[in-house]
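**Q** Protein chains in written order, with this note's numbering: chain A, 20 to 352; chain B, 1001 to 1313; chain C, 17 to 349; chain D, 67 to 350. Backbone N, C-alpha and C fix where the C-beta goes; we use that ideal spot for every residue, glycine too. Shown below is the structure under consideration.
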């Protein structure tokens, strides 16, 4: 990636050396994460549980669970927001950066009317009077495709269906027209047909509102459907970043390759799966060097000595591996 | 809503029957012949027989129970042997102080538990939290008669602000005189409510909707008071409701310690004088009181949880 | 074809909705939910039959019916030709041992206070599957059959990873030497790489032991990988059934078509239907008359308020839709 | 991910699971109490020996906790009282625990008539304030510790029955109980091997806090003159004696009170630690 060019274009979001550690035992859950995101772009982060993908997006707006500590720099619109004091960060949340979460039922306050939960964000970001807030609430509910917004606004979350709840969560995030939306597994708790609706909605909204999207998921299919660029995380690190087409057609990192080979593509007789042996390491007991080395058939002695350096590719993105899958990938360095 | 309350009252009927049966059977536990026990060992057989007839002891048990219930329904608890007046009047005159004491204790309990619970949850694992939690452990670990003793020692004897005992006349005077008794109960009860509130606040603060609220950019104070507290208050009220029996039980001791002329004191005095019908009546009234206060907490939960409110409406 | 191992014949099951005490007090009427309605299919020896559907479609109820944990309101369930519903006591227990379950949540299905070894040894010893002296050896053999080392026997479930727990659950089910495994969302809780391992394990076990399998999942991909035939459920009804390849190549029910179209494919170039399936499934307490899918069906016409006929296409492929032939001729999306 | 991290952390602590600090501290304190109750009386002399020459003496070297109006050493009496009050704790809790847990387990697992009967009795018993109904029963049976134990057993079992029934209902629906039944194991085996070990910890945890309530109850009744009878050095009784001398000799009531507080804190530490120990990740 051409760093100079990116900085000149002043990306909307840029992470540099972001790490997250657990205060209790010093285990590092996320290490040295860096990526940039232009206005209106859609960026996916994919990984298995424990890879640190959710922790990374939460670190962006300082919503880490108790007992976790973030380091590194997060530039949003050119300003470093990492370590910013809570009150200033709060002003940015919702207004500049919105976020939606995995479980739409628990993400909504069960004892507060849906309409009020949407309007609340408007109130604390302050510009509108009550009548205007109400208008905007209905407007944003329409935007996310909620039928009969006036009636639904006077409902409690438990009175809505799963898909409607996730639309409400989306409406809350979008109420103040943020320029960046962080979505943490937004469709994992939903049925396939509802997932399809929400993914299409996210994609449409991003295009029509010119809003950038960071989407975290464990599902490579979801990435393929709505992301332009994607980062693959394993054991707390980004192991590969690529334009979405390249990731699926010519992955460079052995983990990416093997992850793709773990997805059923048809009957076993025709497309047998070659599972990755073993399981991801415990964050507290991560081996030195490349985190994937113990499970990697291409690993050499050098892999276990130090973390492999990041190698950028001319086609965009890059990878961290001493023995990449594709020789051509290296040729581009 | 009215329909709900009516149905809820209807559900109390089996409990009411149970309570009256227990109270009725209570005096049957007296070893030996109740009539003789009541009259003493020097009574003549004729007198005992007359007493048995008077008490209805010569009839079958179920018939005695029906008579007992019929009298109750008419507000007739019988006569006190010791005070020589209608028990219903005795109970009425002693009910007031007990009710004031219970209400006062609940108010003080909430006045301690709410701010302390919020403080502990907001400053989790910090000094304030530890202090509150230690206070709570010590608070429940103090027997009420001993709290009473220490309060008297400190605030009535050493620094004579409050009276050692009494009830006064007129509400302001009641509230002043009952401050130490009510505080005694609150010191025992507040830790239970406080623990429940802290735990449910912690749980609420770890929920998804708190993430959403923070992601909206709400200030911490609004997240805590506007989102966590409304969800956490219901379990705390439940705990208060579960401990109403404990609260009412404590009044018996506290009234004895501070010489409050309430039902508890009446009961203890009547034990000394073997005034069984009075003991029976007070047990019944306190039982009914607990049932009614529980009903009130149920309705309170209803008002606090909009989901339930809507379900019922 | 030899005699079926499991025959589900016109099975229906209703549940009385449990009202909260509050609802009882408020005088709400008793509602009945139709969980399974007139379902029929059969599973042959060594066959793996897949059942797919979204949450609330009745697939888990069907699993419990097949296991004899629930009794059907109508229809019959035959295991090796004997009606499970007509048996009780010891003979039911003996029969039921022939059908074992692989649970979705391997953690909840293992007693937290029993070691892995004793959990597997218990049924072995109780039913004298092997002589008492051989219980230990057989336990180790079962562990190794599911790919776990003998040292696992001394562990407690909480000390294992999700994939390991699922293997333990499978080993315990195999202890009583069943002829049929019912797997209800058995791989849904697992990460992609671990899921592939467990899928291969199930497939290998099926082949090696000659097991039949009822494999229930919301994920068409894993069903296509593992199963020869598939049934599609919607709101308690089996709407389409047939060989997996046929159903995928030429789905004949609009719901199957929509379901296949809604799966995010791990290929950015994969074609995507122009429009998503609208709306969400109605409540199982208010199943539409006639075709259950008509309220969301893009091809619905007035005739759909009458019960749809079952249209067969040979090779055991059929669909319950008035326009099945038309839909089928449109091919896959 | 945060849930996954938490699970990961849970597995971590389970791997190197050690005894909770509260449990160790509470258990040591309780051991000390039991030792005091067993051995103390051998060391400190007779608690009922009066010495009117030394009545109402403040704490000193000769009388560490002072003396009462009859010149009895409060220290001696408090040490003897430990024995009585620990015994009260044991005898108020044990019968209630055994009766209640058995009834709760049967009611929860089998349901039907036994459940209906047990739960109706529970409903009625909880309608009364515990202390009031116990006082009422003791009032008719006559004061004294034995009658108090009888009274507590009559109503105290309901808490255990409630807890165990609720836990059993919950555990019965959990998949491991279902898995055991699917494997063809009979009711008795499922009940004793799979359910009991998973439900009983709740009752044990409750019992560890119930002991405090039992001791409070016993000493309250002593205080009210309905429990242990004079000249017994039961703590509640000593405190009641001291009330008349609150202005002149506050130490009479203060020290036995402190003893109760310390004993209560020991049990509550033990109980909290036991709760951490017995239900680490058995439920999520």
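On the DSSP letters alone, give me the boundaries of the alpha helix (DSSP H) that residue 1266 of chain B sits inside.
**A** Locating residue 1266 of chain B in the second chain gives position 266, counting from the first residue. From DSSP, the alpha helix (DSSP H) with residue 1266 of chain B extends over 1263-1272.
**Q** Following a CB-centred definition, is residue 133 of chain A positioned closer than 7 Å to any heavy atom of the ligand COA?
**A** This structure lacks the ligand COA, and indeed carries no ligand of any kind.
**Q** Between the Cα of residue 58 of chain A and those of A:268, A:190, A:97, A:125, spot the shortest distance and give me the residue it belongs to.
**A** For the purposes of this step, residue 58 of chain A is identified with residue 39 of the first chain, where counting begins at 1. It is A:97 whose Cα lies nearest to the Cα of residue 58 of chain A.
**Q** Below 8 Å, how does it come out for the region 56-74 of chain A and the region 228-236 of chain A: are there three or more Cβ pairs, yes or no?
**A** Cβ pair count under 8 Å is three or more, so yes.
**Q** If you check the beta carbons only, do residue 92 of chain D and residue 148 of chain D fall under 8 Å apart?
**A** Numbered from 1 along the fourth chain, position 26 holds the residue referred to as residue 92 of chain D. Numbered from 1 along the fourth chain, position 82 holds the residue referred to as residue 148 of chain D. No.
**Q** Do the CB positions of residue 209 of chain A and residue 185 of chain A come within less than 8 Å of each other?
**A** For this step, residue 209 of chain A is matched to residue 190 along the first chain. For this step, residue 185 of chain A is matched to residue 166 along the first chain. Yes, the Cβ-Cβ distance between residue 209 of chain A and residue 185 of chain A is below 8 Å.
**Q** Once you ignore the five residues that flank residue 222 of chain D on each side, which residues in its own chain have a CB closer than 6 Å to its CB?
**A** Numbered from its first residue, the fourth chain carries residue 222 of chain D at position 156. Excluding positions up to five away in sequence, the list reads 162.
**Q** Quick check: the Cα distance between residue 168 of chain D and residue 182 of chain D, rounded to an integer number of angstroms?
**A** For the purposes of this step, residue 168 of chain D is taken as residue 102 along the fourth chain, with counting starting at 1. For the purposes of this step, residue 182 of chain D is taken as residue 116 along the fourth chain, with counting starting at 1. Those two C-alpha atoms are separated by around 15 Å.
**Q** Would you say residue 242 of chain D lies against chain C (beta-carbon separation less than 8 Å)?
**A** Your numbering for residue 242 of chain D matches position 176 in the fourth chain. True, the Cβ-Cβ gap to chain C drops below 8 Å.
**Q** For the region 225-265 of chain A, list the beta strand (DSSP E) runs that are entirely contained and at least 3 residues long, ordered along the chain.
**A** Fully enclosed beta strand (DSSP E) runs of 3 or longer: 231-236, 248-253, 256-262.
**Q** If contact means a Cβ-Cβ distance below 9 Å, which residues of the region 298-326 of chain D contact chain B?
**A** So the close ones are 301, 302, 305, 306, 308, 309, 312, 313, 316, 319, 320, 322, 323, 324, 326.
**Q** If we count the other Cβ atoms within 10 Å of its Cβ and call it buried at 16 or more, is residue 331 of chain D buried or exposed?
**A** Residue 331 of chain D sits at position 265 when you count from the first residue of the fourth chain. With 16 or more Cβ atoms within 10 Å of its Cβ, residue 331 of chain D is classed as buried.
**Q** From residue 95 of chain D to residue 1137 of chain B, what does the alpha carbon distance come to, in whole angstroms?
**A** Counting from one through the fourth chain, the residue named residue 95 of chain D turns up at place 29. Counting from one through the second chain, the residue named residue 1137 of chain B turns up at place 137. Approximately 16 Å, taken between the alpha carbons.
**Q** Is there a Cβ from chain C that is less than 8 Å from the Cβ of residue 49 of chain A?
**A** What you label residue 49 of chain A is simply residue 30 of the first chain in a count that begins at 1. No - not a single Cβ of chain C is within 8 Å of the one on residue 49 of chain A.
**Q** Rounded to whole angstroms, how far is the Cβ of residue 255 of chain A from the Cβ of residue 70 of chain A, which I believe are closer than 8 Å?
**A** On the first chain, position 236 is the one that residue 255 of chain A refers to. On the first chain, position 51 is the one that residue 70 of chain A refers to. At roughly 7 Å, the Cβ-Cβ gap stays under 8 Å, so residue 255 of chain A and residue 70 of chain A are in contact.
**Q** Could you have a look at residue 149 of chain D and say whether DSSP puts it in helix, strand or coil?
**A** Your numbering for residue 149 of chain D matches position 83 in the fourth chain. If DSSP states are grouped into helix, strand and coil, residue 149 of chain D belongs with the helices.
**Q** Do you know how far the Cα of residue 86 of chain D is from the Cα of residue 26 of chain A?
**A** Here residue 26 of chain A is taken as the residue at index 7 of the first chain, counted from 1. Here residue 86 of chain D is taken as the residue at index 20 of the fourth chain, counted from 1. Note that residue 26 of chain A scores a pLDDT of 46, beneath 50, so its modelled location is shaky and nothing firm can be said.
**Q** I'd like to know if residue 1117 of chain B contacts chain D, where contact means its C-beta is closer than 8 Å to some C-beta of that chain.
**A** The count along the second chain starts at 1 and reaches residue 1117 of chain B at position 117. It does not; no Cβ of chain D falls within 8 Å.
**Q** Starting from residue 1127 of chain B, follow the alpha helix (DSSP H) in both directions and report where the run begins and ends.
**A** For the purposes of this step, residue 1127 of chain B is taken as residue 127 along the second chain, with counting starting at 1. From DSSP, the alpha helix (DSSP H) with residue 1127 of chain B extends over 1127-1140.
**Q** Is residue 261 of chain A closer than 8 Å to residue 333 of chain A when the C-beta atoms are compared?
**A** The residue you call residue 333 of chain A lines up with position 314 of the first chain. The residue you call residue 261 of chain A lines up with position 242 of the first chain. Contact flag unset, no.
**Q** Tell me residue 133 of chain D's beta-bridge partners as DSSP assigns them.
**A** Numbered from 1 along the fourth chain, position 67 holds the residue referred to as residue 133 of chain D. In the DSSP output, where bridge partners are listed per residue, residue 133 of chain D has D:139.
**Q** Please name the residues in the region 222-251 of chain D whose beta-carbon is closer than 9 Å to at least one beta-carbon of chain C, in chain order.
**A** So the list reads 240, 241, 242, 243, 244, 245, 246, 247, 248, 249, 250, 251, given in the order they occur along the chain.
**Q** What are the boundary residues of the beta strand (DSSP E) that residue 334 of chain C is part of?
**A** In the third chain, counting from the first residue as 1, residue 334 of chain C sits at position 318. 334-336 is the extent of the beta strand (DSSP E) around residue 334 of chain C.
**Q** Give me, in chain order, the residues of the same chain whose beta-carbon lies closer than 7 Å to that of residue 309 of chain D; leave out the 5 immediate sequence neighbours on both sides.
**A** Your numbering for residue 309 of chain D matches position 243 in the fourth chain. Only 319 meet the Cβ criterion.
**Q** Would you verify that the beta carbon of residue 86 of chain D is, or is not, closer than 8 Å to some beta carbon of chain C?
**A** Translated into positions along the fourth chain, residue 86 of chain D becomes position 20. With 8 Å as the cut-off, residue 86 of chain D does not count as an interface residue toward chain C.
**Q** Roughly how many angstroms lie between the CA atoms of residue 79 of chain D and residue 1307 of chain B, to the nearest whole one?
**A** Within the fourth chain, residue 79 of chain D is the residue found at index 13, counting from 1. Within the second chain, residue 1307 of chain B is the residue found at index 307, counting from 1. Reliability fails at residue 79 of chain D, whose pLDDT of 41 lies under 50, so the model's placement of it is uncertain and the value that follows must be treated cautiously. Spanning the two alpha carbons is a distance of roughly 38 Å.
**Q** Roughly how many whole angstroms lie between the Cα atoms of residue 67 of chain A and residue 261 of chain C?
**A** Residue mapping note: residue 67 of chain A aligns to position 48 of the first chain, counting from 1. Residue mapping note: residue 261 of chain C aligns to position 245 of the third chain, counting from 1. About 29 Å.
**Q** Got a sec: which bits of the region 225-247 of chain C sit with their beta carbon under 9 Å from any beta carbon on chain A, in order along the chain?
**A** Cβ contacts with chain A come from 234, 235, 236, 237, 238, 239, 240, 241, 242, 243, 244.
**Q** With a 10 Å radius around its C-beta and 16 neighbouring C-beta atoms as the bar for buried, classify residue 1162 of chain B as buried or exposed.
**A** Position 162 of the second chain holds residue 1162 of chain B. The residue in question, residue 1162 of chain B, is buried, as its Cβ has 16 or more Cβ neighbours within 10 Å.
**Q** Please work out which residues of its chain come closer than 6 Å, Cβ to Cβ, to residue 137 of chain A, disregarding the five sequence neighbours upstream and downstream, and give them in chain order.
**A** If you number the first chain from 1, residue 137 of chain A lands on position 118. Excluding positions up to five away in sequence, the list reads 156, 190, 191, 194.
**Q** Using the beta-carbon of each residue, which ones in chain B are nearer than 7 Å to residue 118 of chain A?
**A** Residue numbering aside, residue 118 of chain A sits at position 99 when the first chain is read from its first letter. Residues of chain B passing the Cβ test: 1215.
**Q** Hey, residue 1204 of chain B and residue 1165 of chain B: beta-carbon distance below 8 Å or not?
**A** Residue numbering aside, residue 1204 of chain B sits at position 204 when the second chain is read from its first letter. Residue numbering aside, residue 1165 of chain B sits at position 165 when the second chain is read from its first letter. The answer is no: Cβ separation not under 8 Å.
**Q** What does residue 276 of chain D touch in chain B if you count any residue whose Cβ is under 7 Å from its own?
**A** If you number the fourth chain from 1, residue 276 of chain D lands on position 210. Here the premise fails: no neighbours, minimum Cβ distance about 12 Å.
**Q** Can you tell me whether residue 120 of chain C is buried or exposed, with buried defined as 16 or more other CB within 10 angstroms of its CB?
**A** Mapped onto the third chain, residue 120 of chain C falls at position 104. Buried.
**Q** Are any of the Cβ atoms in chain B nearer than 8 Å to that of residue 221 of chain A?
**A** To locate residue 221 of chain A, count along the first chain from 1; it is residue 202. No, residue 221 of chain A does not count as interfacial toward chain B.
**Q** Which class does residue 53 of chain C belong to by DSSP, given the choice of helix, strand or coil?
**A** Here residue 53 of chain C refers to the residue found at position 37 of the third chain. In the structure shown, residue 53 of chain C sits in a strand (DSSP, three-state: E or B).
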